[in-house]
Amino acid sequence: SAVISQKPSRDICQRGTSLTIQCQVDSQVTMMFWYRQQPGQSLTLIATANQGSEATYESGFVIDKFPISRPNLTFSTLTVSNMSPEDSSIYLCSVRGQMYEAFFGQGTRLTVV
Amino acid sequence: ILNVEQSPQSLHVQEGDSTNFTCSFPSSNFYALHWYRWETAKSPEALFVMTLNGDEKKKGRISATLNTKEGYSYLYIKGSQPEDSATYLCAFGYYGQNFVFGPGTRLSVLP
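From first to last, the protein sequence lines are chains A and B.
Going by the numbering used here, the residue at position 32 of the first sequence is 108; the numbering climbs one at a time, nothing skipped.
Going by the numbering used here, the residue at position 90 of the second sequence is 92; the numbering climbs one at a time, nothing skipped.
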């Protein structure tokens with residue numbers, strides 16, 4: 077199993093500003109995953125972060141809007157840039173276990189006003 | 003586009019009742035089917051990972067079955083308790099580490 081510390085747990089932000097979310101894992105992992113759950117929607121993968129290379133973004137998500145850092149094998153950040161109310165969501169970081177099961181951080185509940 | 007559906011969307015049951023939910027997924031390119039429990043203000047927690055058609059898994063009062071040929075999985079909770087109140091997510095796994103999550107079933111167990 078993996079223990080992931082994610083912060084902040086929640087925030088209320090003004091539109092046009094940016095928020096950086098951090099995730100720290102208690103073990104070294106090759107890939108970290110960033111998800112978003114908008115109200116009433118499914119958990120959706122934003123991007124996969126590999127250490128030492130650029131993140132791989134899913135369709136509909138771009139680096140300028142969601143820049144990701146992965147400076148080492150235990151840490152990653154996701155920035156939500158130039159926020160609008162549509163970015164109000166729960167953001168989750170995740171890693172995979174041996175059975176490919178997902179372990180998640182506690183989530184960041186973001187409200188953009 | 004891979005479509006994973008869950009029903010019902012939400013459910014209210016009395017303490018002690020048994021209940022079940024459904025997850026429907028594509029029957030091709032199947033790798034694994036996952037179930038997660040997501041309690042409010044906590045992390046989603048893996049309940050089961052199932053890979054074989056006909057798999058049945060059990061964890062306490064919770065069990066799950068898998069039919070990969072017809073593309074569905076059932077999650078059963080026997081004798082629901084208030085602490086079972088959560089959103090239950092299924093995830094369809096294809097090509098190893100790729101998942102598509104369903105929208106979840108929100109369960110409320112009333113004391």
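Glycine included, C-beta positions come from ideal geometry on N, C-alpha and C.
So the candidates are the options; which of them puts its Cα closest to the Cα of residue i?
i      : options                           : result
A/T187 : A/S165, A/P147, A/G116 and A/F109 : A/S165
A/F151 : A/T132, A/V171 and A/Q117         : A/V171
A/E162 : A/E177, A/N126, A/A131 and A/Q113 : A/Q113
B/G56  : B/C92, B/E47 and B/A66            : B/A66
A/I97  : A/R86, A/M175 and A/S160          : A/R86
A/W110 : A/L95, A/L168 and A/Q117          : A/L168
B/S82  : B/H14, B/K60, B/Q8 and B/L4       : B/H14
A/S94  : A/K83, A/S160 and A/Q127          : A/S160
A/Q100 : A/E177, A/S145 and A/M175         : A/S145
A/P84  : B/A43, B/V102 and B/S75           : B/A43
B/L54  : B/E7, B/G95, B/V102 and B/P84     : B/G95
B/L112 : B/F103, B/L4, B/Y97 and B/E17     : B/E17
B/T24  : B/Y90, B/P84, B/N31 and B/F50     : B/Y90
A/Y176 : B/P10, B/F50 and B/K60            : B/F50
A/G116 : B/N31, B/K60 and B/Q8             : B/Q8
Leaving aside the five residues before and after residue i along the sequence, list all residues of the same chain whose C-beta is less than 8 angstroms from its C-beta, in chain order.
i      : result
A/D140 : S157
B/I79  : S20, T21, N22, R63, I64, D86 and L109
B/S12  : T107, R108, L109 and S110
B/E58  : S65, A66, T67 and L68
A/P147 : Q127
A/R91  : M159, S160, P161, V188 and V189
B/K61  : L49 and F50
Assuming contact is defined by CB atoms lying nearer than 8 angstroms, are residue i and residue j in contact in what I supplied?
i      : j      : result
A/I80  : A/F142 : no
B/Y33  : B/A93  : no
A/A78  : A/G173 : yes
B/P105 : A/S118 : yes
A/A125 : A/F137 : no
B/F101 : A/A178 : yes
B/S75  : B/M52  : yes
Sorted by chain position, which residues of the same chain lie with C-beta nearer than 6 angstroms to residue i's C-beta, five sequence neighbours on each side aside?
i      : result
B/P46  : Y38 and W40
A/T120 : R112
B/V6   : F27, F94, V102 and G104
A/T155 : S94, T96 and P143
A/D102 : V79
Go through its chain and collect everything with a Cβ distance to residue i's Cβ below 7 angstroms, but skip five positions before and after it.
i      : result
B/S29  : T70, K71, E72 and G73
A/Q104 : L149 and T150
B/A48  : H36 and Y38
B/A88  : R39, W40, E41 and L109
Pull out every residue of the region 122-153 of chain A whose Cβ sits closer than 9 angstroms to any Cβ of chain B, in chain order. T124
Check distances from the C-beta atoms of the region 36-47 of chain B to those of chain A and list, in chain order, the residues that come in under 9 angstroms. H36, Y38, W40, A43, K44, S45, P46 and E47
Short-range partners of chain B found in the region 171-184 of chain A, where Cβ spacing is below 8 angstroms: R172, G173, M175, Y176, E177, A178, F179, F180, G181, Q182 and G183
For the region 47-68 of chain B, which residues have a beta carbon sitting closer than 7 angstroms to at least one beta carbon of chain A? A48 and V51
Select from the region 102-119 of chain A all residues with a C-beta closer than 9 angstroms to any C-beta belonging to chain B, and list them in chain order. Those would be M107, F109, Y111, Q113, G116, Q117, S118 and L119, in chain order.
Select from the region 80-110 of chain B all residues with a C-beta closer than 9 angstroms to any C-beta belonging to chain A, and list them in chain order. L91, A93, G95, G98, Q99, N100, F101, V102, F103, G104, P105 and G106
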